[in-house]
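J.: Dropping the structure in here first, questions after.
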Amino acid sequence: MQASRARLFKEYKEVQREKAADPDIQLVCDDSNIFKWTALIKGPSETPYEGGVFQLVFAIPEQYPLLPPQVRFLTKIFHPNVHFKSGEICLDILKNAWSPAWTLQSVCRAIIALMAHPEPDSPLNCDSGNLLRSGDIRGYRSMARMYTRLAAMPKKG
Amino acid sequence: MDSDEDMHDANGSESLEDDFYSEDMGMESDDEDADYDFGNEETNDDAEDITFHRQQNYTILSESDIHQRQEDDISRLSTVLSISRFAACILLRHYKWSVSMVHEEWFADEHDVRQVVGLLENPVEIPNVRELTCGICFETYPRNIMSAAACGHPFCGACWRGYIGTSVSDGPGCLMLRCPDPSCGAAIGQDMVNKLATEEDKKKYARYLLRSYIEDNRKTKWCPAPGCEFAVDFVFGSGSNDVCCKCSYSFCWHCTEETHRPVDCGTVAKWILKNSAESENMNWILANSKPCPKCKRPIEKNQGCMHMTCTPPCKFEFCWLCLGAWSEHGERTGGFYACNRYEVAKQEGLYDESERRREMAKNSLERYTHYYERWATNQSSRQKALADLHSMQTEKLEKLSEKQSQPGSQLKFIIEAWSQIVECRRVLKWTYAYGYYLPEHEHAKRQFFEYLQGEAESGLERLHQCAEKELQIYLEADSPMKEFSDFRTKLAGLTSVTRNYFENLVRALETGLKDVDSTNSQAACSQSSNSKSVCGKGSKSGKNKAARSGGPSRSLDDHWSCDRCTFFNPGSATTCQMCEHHLPT
Ligand SMILES: [Zn+2]
Ligand SMILES: [Zn+2]
Ligand SMILES: [Zn+2]
Ligand SMILES: [Zn+2]
Ligand SMILES: [Zn+2]
Ligand SMILES: [Zn+2]
Ligand SMILES: [Zn+2]
Ligand SMILES: [Zn+2]
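So the protein lines, in turn, are chains G and D. Mapping to UniProt numbering: the first sequence position 100 is 100, numbers consecutive. Mapping to UniProt numbering: the second sequence position 454 is 454, numbers consecutive.
And the structure:
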């Protein structure tokens with residue numbers, strides 16, 4: 001508990017210090033609980049998520065970083081490895097391939113990479129996975145694009 | 001039967017007893033022509049010793065044996081490859097503790113093997129600076145309190161402890177632990193664990209390592225008896241699958257169920273599944289399986305069509321709906337493939353469909369219940385005999401020794417009798433599963449099987465009675481009785497006869513009661529071998545020769561097998577009760 005708090009505090013300071021280091025990721029620690037974080041990530045360019053801003057929410061276990069944080073999308077996203085309803089993410093480094101040397105920042109980076117390179121063979125969103133597996137790239141893109149517009153883009157007004 | 005002559009040659013040799021018993025180790029020769037005669041009360045004094053001559057094709061390992069073997073393998077490999085013991089251990093675990101496999105892979109491509117298991121060719125020192133940042137907690141510490149695997153990635157003591165502890169509590173996967181740095185992959189061996197983990201985790205790790213030596217190895221298994229800590233090292237390809245652990249539990253190496261000769265692993269699995277699922281199976285039986293109206297064997301409906309054909313040799317063709325003969329289904333009844341005979345019958349109220357189905361289910365269940373009851377009875381009888389054997393060993397034998405003024409060493413025959421009872425109950429139990437799966441239409445086989453089983457039941461009953469009731473007299477006697485030595489002779493004799501009978505029974509069932517459907521020529525052959533053995537009688541080995549000569553078709557005194565249809569007829573009959581063929585002379 002104490003070790004994970006200390007480690008999270010280090011990550012917090014690092015985030016404050018390097019705010020502009022990665023313009024695609026904005027990590028925010030909850031004011032009252034260092035085990036609760038959120039992040040805003042930018043959809044990678046040349047993907048149907050481009051132009052969107054997606055919010056992630058972290059629940060961090062007491063054994064962090066020996067155990068991985070739990071992360072899910074708060075923003076709706078149409079992606080084969082993200083559960084459409086719960087926002088749960090299927091990503092190996094969040095499960096058995098976790099290393100305590102990873103940070104929340106590197107988790108965000110890995111999620112951005114996943115958005116650009118979906119793995120249709122381990123789908124959490126079957127509709128999306130099936131579109132990709134059947135080779136209907138256009139179908140997938142247009143669905144993903146539509147949800148990005150609907151859910152991840154600031155309303156023009 | 002072509003080896004009939006050879007067998008007699010073998011019988012002529014001095015080592016006949018050994019030959020006879022060594023064949024128990026599973027040589028599937030023609031030795032099913034054995035004697036099923038319980039009338040032979042001759043005792044075989046040598047038999048007791050001989051059972052221990054069987055060469056074992058397995059070794060029972062205690063925890064310290066396992067440890068020793070594991071250490072030896074590791075040491076040997078570390079010497080041969082000139083690597084550390086911990087590296088050798090990682091390699092062996094990766095290749096499922098097969099020394100030869102490690103050799104093969106290592107000498108084929110050492111570089112590749114190192115890559116795969118995470119053994120670096122050139123170890124890297126921790127950077128030579130005064131202070132370093134731990135890769136997990138991100139704190140900065142002096143160099144001397146940091147540790148790293150061969151890759152040189154430094155982590156502090158607390159983080160190592162936590163990292164190893166998390167992995168150990170996750171299970172045996174901790175044996176494949178790698179450096180925490182995600183880009184690294186250097187193996188973390190037991191040396192690191194012993195240096196960095198808590199005492200408890202070190203113990204757990206060592207335990208997993210020991211277990212891995214048994215569980216990941218193709219030729220070793222733990223004894224499945226609850227609470228037993230012995231393991232078995234099994235040599236493939238020779239003899240029986242039965243393993244008897246030092247804890248006295250016997251099990252089948254293949255399926256790890258309790259020893260189940262004469263039935264095979266598949267039958268055991270089927271039977272166990274059947275027992276556990278029987279209640280739930282009712283619906284399934286109702287929906288998917290019905291006994292053939294002619295031979296009563298359950299026929300599964302696996303096609304949509306109602307036109308059923310029973311499996312050979314029955315081949316009865318019937319209608320699934322009405323169970324009537326298919327030949328009666330024609331234009332008159334509404335056509336073969338539009339059987340409305342069922343519909344008509346239902347409309348006319350001739351029978352109620354659900355009632356009919358219940359009837360069918362009842363029939364197949366009744367048959368199952370018959371076998372299950374007897375299987376279960378022998379099972380509990382065996383448990384009781386085991387308890388009796390135990391009380392013999394722990395108290396009664398001592399009491400008997402006092403009462404009859406017999407040294408304990410002279411009372412071994414009682415333990416042997418009880419051990420035999422336990423074993424026979426086990427065999428008998430499984431003959432009921434055997435009987436259940438014996439096709440009903442193989443009438444001659446069934447008949448013969450039931451005869452053998454009946455003889456086995458009554459023979460065992462005699463032994464059980466003698467060991468239980470008659471022994472009681474000597475246990476309760478006020479002073480030593482001179483009849484005791486007669487009792488010894490009788491009980492030892494019954495034990496030996498019963499053992500022989502059951503061994504032959506097991507062999508006969510394992511070979512599928514082959515000689516029941518023997519042809520005429522085979523019958524003649526077994527007849528001639530019978531007469532040969534008669535000539536051989538009186539020789540030194542005569543008593544044993546009787547135990548292995550003559551096919552069962554001839555050896556049951558009061559029965560004879562029909563040449564034409566193989567039906568087993570009582571001795572009093574002069575023509576076959578099945579086909580009316582005359583008794584061969
Ligand atoms: Zn540390
Ligand atoms: Zn490393
Ligand atoms: Zn055991
Ligand atoms: Zn088995
Ligand atoms: Zn049939
Ligand atoms: Zn049909
Ligand atoms: Zn019909
Ligand atoms: Zn006949």
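Beta carbons are placed, not taken as given, at the ideal position from N, Cα and C, and that holds for glycine.
Taking a cut-off of 5 Å, which residues have a beta-carbon closer than that to any heavy atom of ligand 3, in chain order?
T.: The set, ordered by position in the chain, is Cys223/D, Ala225/D, Cys228/D, Phe230/D, Cys245/D, Cys247/D and Tyr249/D.
J.: Residues of chain G with CB under 9 Å from Tyr163/D, in chain order?
T.: What Tyr163/D touches in chain G: Leu66 and Pro100.
J.: List the residues that DSSP assigns as beta-bridge partners of residue 589/D.
T.: No answer is possible for residue 589/D: it lies beyond the span of chain D, which begins at 1 and ends at 585.
J.: If you measure from each residue's Cβ to the nearest non-hydrogen atom of ligand 4, which ones come out under 5 Å, in chain order?
T.: Taken from the N-terminal end onward, the list reads Cys252/D, His254/D, Cys255/D and Cys265/D.
J.: So, are the CB atoms of Arg145/G and Pro44/G less than 8 Å apart?
T.: Not closer than 8 Å, so no.
J.: Does the distance between the C-beta of His260/D and the nearest non-hydrogen atom of ligand 2 fall short of 7 Å?
T.: Because no heavy atom of ligand 2 lies under 7 Å away, the Cβ of His260/D does not count as near it: no.
J.: Looking at the strands, I want to know which residues DSSP matches up with Pro142/D.
T.: Partner(s): Glu131/D.
J.: When you measure from the CB of Glu139/D to every non-hydrogen atom of ligand 1, does any distance come out below 7 Å?
T.: Yes, the beta carbon of Glu139/D sits closer than 7 Å to at least one heavy atom of ligand 1.
J.: Keeping to the same chain, check which residues put their C-beta closer than 8 Å to that of Glu440/D; ignore five residues upstream and five downstream.
T.: The answer, listed in chain order, is Cys295, Lys296, Arg297 and Arg446.
J.: Distance check for Ile414/D and Thr489/D, CA to CA, integer angstroms please.
T.: Their Cα atoms are separated by approximately 11 Å.
J.: Assuming Tyr205/D and Pro100/G form a contact by the criterion Cβ under 8 Å, report the distance between their Cβ atoms to the nearest whole angstrom.
T.: Going by Cβ atoms, the distance from Tyr205/D to Pro100/G rounds to 18 Å, so no, they are not a contact pair.
J.: Are the CB atoms of Tyr249/D and Cys228/D within a distance shorter than 8 Å?
T.: Yes, these two residues count as a Cβ contact at 8 Å.
J.: Kindly give me the distance between the Cβ atoms of Asp233/D and Leu77/D, rounded to whole angstroms, as I take these residues to be in contact under 8 Å.
T.: About 18 Å separates the two Cβ atoms, so there is no contact after all.
J.: Measure how close the beta-carbons of Leu132/D and Cys151/D come, nearest whole angstrom, since I'm counting them as under 8 Å.
T.: 14 Å between Cβ atoms; not a contact.
J.: For the putative contact between Leu471/D and Thr498/D, defined by C-beta atoms under 8 Å, what is the C-beta separation to the nearest angstrom?
T.: Incorrect: roughly 16 Å between the Cβ atoms, too far for contact.
J.: With a threshold of 16 other CB atoms inside 10 Å of the CB of Leu273/D, please say whether the residue is buried or exposed.
T.: Leu273/D comes out exposed.
J.: Within 10 angstroms of the Cβ of Ile188/D, are there 16 or more other Cβ atoms? Answer buried if so, exposed if not.
T.: Buried: at least 16 other Cβ atoms inside 10 Å.
J.: Regarding Cys134/D and ligand 2, is the C-beta to nearest heavy atom distance less than 7 Å?
T.: Incorrect: Cys134/D has no Cβ contact closer than 7 Å to ligand 2.
J.: With a threshold of 16 other CB atoms inside 10 Å of the CB of Gln420/D, please say whether the residue is buried or exposed.
T.: Per the 10 Å Cβ criterion, buried.
J.: With a 10 Å radius around its C-beta and 16 neighbouring C-beta atoms as the bar for buried, classify Glu416/D as buried or exposed.
T.: Buried, since its Cβ has 16 or more Cβ neighbours within 10 Å.
J.: Is there at least one non-hydrogen atom of ligand 2 closer than 7 Å to the beta-carbon of His153/D?
T.: Because some heavy atom of ligand 2 lies under 7 Å away, the Cβ of His153/D counts as near it: yes.
J.: Hey, would you say the C-beta of Ala186/D is under 7 Å away from at least one heavy atom of ligand 2?
T.: Ala186/D Cβ: within cutoff of ligand 2.
J.: Residues of chain G with CB under 9 Å from Phe138/D, in chain order?
T.: Neighbours of Phe138/D on chain G, chain order: Ala6, Arg7, Lys10, Glu11, Glu14 and Thr103.
J.: In three-state terms, what does DSSP make of Lys469/D?
T.: Three-state result, Lys469/D: helix.
J.: Name the chain D residues whose beta carbon is nearer than 9 Å to that of Gln63/G?
T.: Under the 9 Å cutoff, chain D gives Gly162 and Thr166.
J.: According to DSSP, simplified to helix, strand and coil, what is Lys204/D?
T.: Helix, per DSSP.
J.: Can you name, in chain order, every residue of its own chain whose Cβ lies under 7 Å from the Cβ of Pro118/G, other than the five neighbours on each side?
T.: Cβ within range, chain order: His79, Pro80, Asn81 and Leu132.
J.: Output the distance between the C-alpha atoms of Gly129/G and Pro123/G, rounded to the nearest integer angstrom.
T.: The alpha-carbon atoms of Gly129/G and Pro123/G are separated by roughly 5 Å.
J.: Using three-state DSSP, classify Arg261/D as helix, strand or coil.
T.: Correct three-state label for Arg261/D: coil.
J.: Is it true that the CB of Val113/D sits closer than 8 Å to the CB of Trp106/D?
T.: For Trp106/D and Val113/D, yes; Cβs fall inside 8 Å.
J.: How many angstroms separate the CA atom of Met25/D from the CA atom of Gly239/D?
T.: Residue placement at Met25/D is flagged as unreliable, the pLDDT there being 41, under the threshold of 50; the coordinate-derived value follows with that caveat. Going from the Cα of Met25/D to the Cα of Gly239/D covers about 5 Å.
J.: By the criterion of Cβ-Cβ separation under 8 Å, what are the contact partners of Ala21/G in chain D?
T.: Here the premise fails: no neighbours, minimum Cβ distance about 16 Å.
J.: Taking 8 Å as the cut-off, decide whether the C-beta atoms of Asn125/G and Phe58/G are in contact.
T.: No.
J.: Can you list, in chain order, the residues of its chain whose CB lies under 8 Å from that of Cys245/D, leaving out five sequence neighbours each side?
T.: Closer than 8 Å at the Cβ level, and outside the excluded window around Cys245/D, lie Ile60, Cys223, Ala225, Cys228, Phe230, Val232 and Phe251.
J.: Per DSSP, what kind of secondary structure is Cys156/D in: helix, strand or coil?
T.: DSSP places Cys156/D in strand when its eight states are reduced to three.
J.: 8 Å is my cut-off, CB to CB: does Ala158/D come that close to chain G?
T.: Closer than 8 Å: yes.
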